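Protein chains in written order, with numbering that gives the first Met the number 0: chain Y, 0 to 137; chain G, 0 to 137; chain U, 0 to 137.
Step one of this worksheet: look at the structure below.
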Amino acid sequence: MQQRSETLSVSTRRGLTEITGGVRGVLRGSGIREGLCTIFIRHTSASLLIQENADPAVQRDLEAFLSRLVPDGDPLFTHVAEGDDDMSSHVKAALTRTSEQVPVREGELVLGTWQGVYVWEHRDGRHRREVVVHVMGE
Amino acid sequence: MQQRSETLSVSTRRGLTEITGGVRGVLRGSGIREGLCTIFIRHTSASLLIQENADPAVQRDLEAFLSRLVPDGDPLFTHVAEGDDDMSSHVKAALTRTSEQVPVREGELVLGTWQGVYVWEHRDGRHRREVVVHVMGE
Amino acid sequence: MQQRSETLSVSTRRGLTEITGGVRGVLRGSGIREGLCTIFIRHTSASLLIQENADPAVQRDLEAFLSRLVPDGDPLFTHVAEGDDDMSSHVKAALTRTSEQVPVREGELVLGTWQGVYVWEHRDGRHRREVVVHVMGE
Chain Y
0 MQQRSETLSV STRRGLTEIT GGVRGVLRGS GIREGLCTIF IRHTSASLLI QENADPAVQR
60 DLEAFLSRLV PDGDPLFTHV AEGDDDMSSH VKAALTRTSE QVPVREGELV LGTWQGVYVW
120 EHRDGRHRRE VVVHVMGE
Chain G
0 MQQRSETLSV STRRGLTEIT GGVRGVLRGS GIREGLCTIF IRHTSASLLI QENADPAVQR
60 DLEAFLSRLV PDGDPLFTHV AEGDDDMSSH VKAALTRTSE QVPVREGELV LGTWQGVYVW
120 EHRDGRHRRE VVVHVMGE
Chain U
0 MQQRSETLSV STRRGLTEIT GGVRGVLRGS GIREGLCTIF IRHTSASLLI QENADPAVQR
60 DLEAFLSRLV PDGDPLFTHV AEGDDDMSSH VKAALTRTSE QVPVREGELV LGTWQGVYVW
120 EHRDGRHRRE VVVHVMGE
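Here it is, written out as structure tokens:
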């Protein structure tokens with residue numbers, strides 16, 4: 000049984016940024032053919048998601064829905080030091096994912112035909128996010 | 000250290016379909032006594048959930064709540080090619096889970112007394128969904 | 000490849016209770032330096048979350064937001080045997096996490112600077128919750 004982990008540095012803007020290629024790159028580099036791939040984001044105002052990568056409208060609609068559900072500047076929020084998008088980002092991250100796992104078969108992630116792996120940036124502006132990819136297997 | 004993975008083909012209707020038995024079957028077949036079990040769904044309009052399997056009212060209430068929170072045919076949605084339940088399904092999957100992990104002890108999943116593993120179908124009609132179960136351990 | 004699992008017994012009140020120290024304790028006890036740590040909660044009315052552990056206002060705001068989104072005693076709910084906070088707790092658990100995974104490097108969880116691991120208690124009153132921590136690696 001072998002393992003390998005690498006940290007991807009992902010440049011983001013508000014919304015979804017696909018990282019499937021970067022995750023596959025770590026898997027290829029590991030030489031592991033059968034096993035488990037874990038993706039972990041080291042942040043609390045950005046999150047992970049596995050979703051459809053065919054129609055870009057899905058990504059726009061996901062962002063629009065979540066931003067309506069968790070509005071920036073909600074008067075309920077008291078943690079507002081970094082602006083209107085600060086606390087809403089933490090809530091959005093809480094409602095999506097910090098870690099994802101994808102089994103590996105024959106050297107490939109077992110993603111479905113339409114599935115891609117995404118970082119979901121919840122803050123305004125440009126950011127750089129660290130994502131740890133860990134692969135374990137044989 | 001050993002591992003085994005199998006794909007379950009799950010027949011679904013809108014709402015929750017329990018797959019605890021199928022997951023246990025893969026674990027039994029693996030012969031693994033101590034380790035980690037990963038469940039992964041290869042779809043973006045159906046998702047996974049670990050929830051109460053005692054009172055069926057819990058499953059009905061979960062479906063009712065999520066369908067009120069994320070209404071079919073929300074005028075916000077632009078990805079509507081496959082109908083009113085298309086984009087709402089993607090959002091519901093984003094708010095629940097694509098992968099789940101359950102540690103294994105003495106040949107059993109460490110699920111709590113009332114926990115079952117479910118596929119949550121978000122589309123109308125009948126569907127067949129692929130769920131990969133991966134077990135790693137000794 | 001080695002593994003170890005332990006069950007933490009966590010005393011909770013409604014809201015977030017940090018368990019990062021307990022998870023680290025299991026990791027230290029395992030002697031594992033490179034690998035994967037899985038955290039699993041054996042309940043359906045309490046959940047897990049990895050979120051900011053710096054400003055306590057984040058935790059209060061998370062609880063306030065989720066309790067407004069999923070109100071106790073919602074007339075939609077039919078599973079009400081244990082009171083107004085019964086079904087709302089199941090929904091809140093469904094919208095957050097039952098399992099979390101954190102890769103391990105050089106004997107440490109790869110948590111970001113501001114990340115802590117929490118049990119999120121959704122029921123009123125005091126409870127005791129079982130959290131299984133499983134570490135696998137070398």
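Don't be surprised by glycine CBs; every beta carbon is placed ideally from N, CA and C.
Being a predicted model, the structure only gives us computed values, none of them experimental.
- For residue 10 of chain U, no CB of chain G lies under 9 Å from its own CB, so it is not counted at the interface with that chain.
- Of all residues in the region 84 to 113 of chain Y, the ones placed with a Cβ closer than 8 Å to any Cβ belonging to chain U are 86, 89, 90, 92, 93, 94, 96, 97, 98, 100, in chain order.
- For residue 120 of chain U, the three-state secondary structure derived from DSSP is strand.
- Residue 2 of chain Y has a beta carbon lying within less than 9 Å of a beta carbon in chain U.
- The beta carbon of residue 3 of chain U is closer than 6 Å to those of 29, 134 in its chain, skipping five residues each way along the sequence.
- Around residue 39 of chain G, the beta-carbon contacts reaching into chain Y at under 8 Å are 100, 101, 102, 109.
- Taken in chain order, the complete beta strand (DSSP E) segments of 3 or more residues contained in the region 72 to 125 of chain G are 98 to 104, 114 to 120.
- Excluding sequence positions up to five before and after residue 87 of chain Y, its CB lies within less than 6 Å of the CB of 69, 71, all in the same chain and listed in chain order.
- Membership of residue 45 of chain U in the beta strand (DSSP E) is indicated by the continuous run 45 to 51.
- The beta carbon of residue 80 of chain G falls within 9 Å of a beta carbon belonging to chain Y, placing the residue at that interface.
- For the set G:50, G:31, G:22, the Cα lying nearest the Cα of residue 38 of chain G is the one of G:22.
- Taking 9 Å as the threshold, the shortest C-beta distance from residue 35 of chain Y to chain G falls below it.
- In this structure, the alpha-carbon of residue 129 of chain U lies about 6 Å from that of residue 41 of chain U.
- In the three-state reduction of the DSSP assignment, residue 131 of chain Y falls in the strand class.
- Less than 9 Å separates the beta-carbon of residue 100 of chain U from that of residue 100 of chain Y.
- Judged by DSSP in its simplified three-state form, residue 69 of chain G adopts coil rather than helix or strand.
- Residue pairing by DSSP places residue 3 of chain Y opposite Y:134 in a beta bridge.
- Here residue 33 of chain G carries a coil assignment [DSSP, helix/strand/coil].
- For residue 126 of chain U, no Cβ of chain G is located within less than 9 Å of the residue's own Cβ.
- Taking the Cβ atoms as the reference, residue 35 of chain Y lies roughly 36 Å from residue 63 of chain U, outside the contact range of under 8 Å.
- The beta carbons of residue 109 of chain Y and residue 43 of chain G sit no closer together than 9 Å.
- Taken in chain order, the members of the region 52 to 64 of chain G whose beta-carbon sits within less than 7 Å of a beta-carbon on chain U are 54, 56, 57, 59, 60, 61, 63, 64.
- Interface residue (Cβ-Cβ distance to chain Y less than 9 Å): residue 122 of chain U is not classified as such.
- For residue 92 of chain U, the closest alpha carbon among the candidates U:55, U:83, U:52, U:120 is that of U:120.
- Annotation: Cβ neighbours of residue 131 of chain G in chain Y (cutoff 9 Å, chain order): 101, 102, 104, 109.
- Proximity of chain U to residue 18 of chain G at the Cβ level (cut-off 9 Å) is not reached, the minimal Cβ distance being about 15 Å.
- Chain-order list of chain Y residues neighbouring residue 136 of chain U: 2, 135, by C-beta distance under 8 Å.
- Taken atom to atom, the span from the alpha-carbon of residue 67 of chain Y to that of residue 47 of chain Y is near 19 Å.
- Sixteen is the threshold: since fewer than 16 other Cβ atoms of the shown chains lie within 10 Å of the Cβ of residue 125 of chain U, the residue is exposed.
- Taking C-beta separations shorter than 6 Å and ignoring five residues to either side along the sequence, the partners of residue 15 of chain G in its chain run 58, 117, 119, following chain order.
- A straight line joining the alpha-carbon of residue 106 of chain G with that of residue 27 of chain G spans about 7 Å.
- Just so you know, the alpha carbons of residue 94 of chain Y and residue 78 of chain G end up roughly 22 Å apart.
- Here the C-alpha atom of residue 83 of chain Y lies approximately 14 Å from the C-alpha atom of residue 13 of chain Y.
- Residue 69 of chain G has a beta carbon lying within less than 9 Å of a beta carbon in chain Y.
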